[in-house]
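Single-structure report; data block below.
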Amino acid sequence: METLEILNKVIKWDHKIILKYNGIGGNLLTLLLRIISFLGRETIWLLLIIYFSFVWFDPRIFSHISVGYFLGIIIIVPIKQTLKRERPFRHLEEIVIHERKSFSGSFPSWHSYNVASQGIIIG
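If you count by my numbering, then the sequence shown holds residues 51 to 173, one letter each, in order.
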């Protein structure tokens, strides 16, 4: 099987799963996912960097958080530029969007990287 065929099968499967689970869970699950999504944004982590560097200065924690953020740039940006996977809502009109439309690539997600990396650093 060629690589293109495999990718097309993965994309079809991805679209099927997205449509299957889009909108499931109601308001409580949507609120929970918005909170988790917020915790994965760069904004909250930059505020934490400022907090640790200016309010409660501990160079070790400051350097760990900073290194985690910059490693994300080194890891995520090249992968996004290489894969160039478009956001699913551009192809599937049935998807309900709860926030503004993003114009960056869809995979890998900054949210998941930030939650995982900062959770490992802090935890």
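All residues carry an ideal CB built from backbone N, CA and C; glycine is no exception. None of these values were measured; they are calculated from a predicted model.
field: Residue of Arg135, Ser116 and Asn58 minimising C-alpha distance to Trp95
entry: Ser116
Between the CA atoms of Leu98 and Lys134 - distance to the nearest angstrom: 30 Å
message: For Val60 and Ile111, what's the separation of their Cα atoms in angstroms?
response: 40 Å
task: State the CB to CB distance for the pair Ile126 and Tyr163, rounded to an integer number of angstroms; the pair is presumed to be in contact (CB under 8 Å).
output: 6 Å
- prompt: What is the rounded straight-line gap between the Cα of Ile129 and the Cα of Leu57?
  reply: 16 Å
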